[in-house]
Amino acid sequence: MIHRREIQGAKDPAAMLKQKRDEYEATFNNPYRAAARGYVDDVIEASSTRPVLIRALNLLRTKHEERPPRKHGNIPL
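For the sequence shown, the numbering used here gives the first residue as 63, with consecutive numbering after it.
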């Protein structure tokens with residue numbers, strides 16, 4: 063557990079735990095931090111999810127994936 067000794071040594075461990083949890087969530091538990099690190103492509107609001115998804119699927123509708131040619135055919139039996 064992170065900050066275990068600090069929490070156990072506090073006058074009010076429950077309040078200290080809540081404070082540390084809130085600090086952690088504010089620092090690490092948000093989508094903007096993940097976007098800044100490149101883990102996600104874009105952060106969108108919930109109200110604009112449908113139009114963004116429709117636009118992305120329309121772009122993929124005509125995509126053709128080209129696979130590299132096989133190096134070896136079937137073996138003769």
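Note that CB positions come from ideal geometry on N, CA and C, so glycine has one too. Given the structure is predicted, the values throughout are model-derived calculations rather than measurements.
Identify whether T51 lies in helix, strand or coil by the three-state DSSP scheme.
Nothing about residue 51 can be read from this structure; the chain reaches only from 63 to 139.
Go ahead and label I106 buried or exposed: buried means 16 or more other beta carbons lie within 10 angstroms of its beta carbon, across all protein chains shown.
exposed
Return the chain-ordered list of same chain residues with a C-beta closer than 6 Å to the C-beta of L79, the five sequence neighbours on each side being excluded.
I69
Using C-beta distances below 6 Å, list every residue in its chain close to R123, excluding the 5 sequence neighbours before and after it, in chain order.
none
Look up D104 in the DSSP assignment and say whether it is helix, strand or coil.
In the structure shown, D104 falls within a coil segment according to DSSP collapsed to helix, strand and coil.
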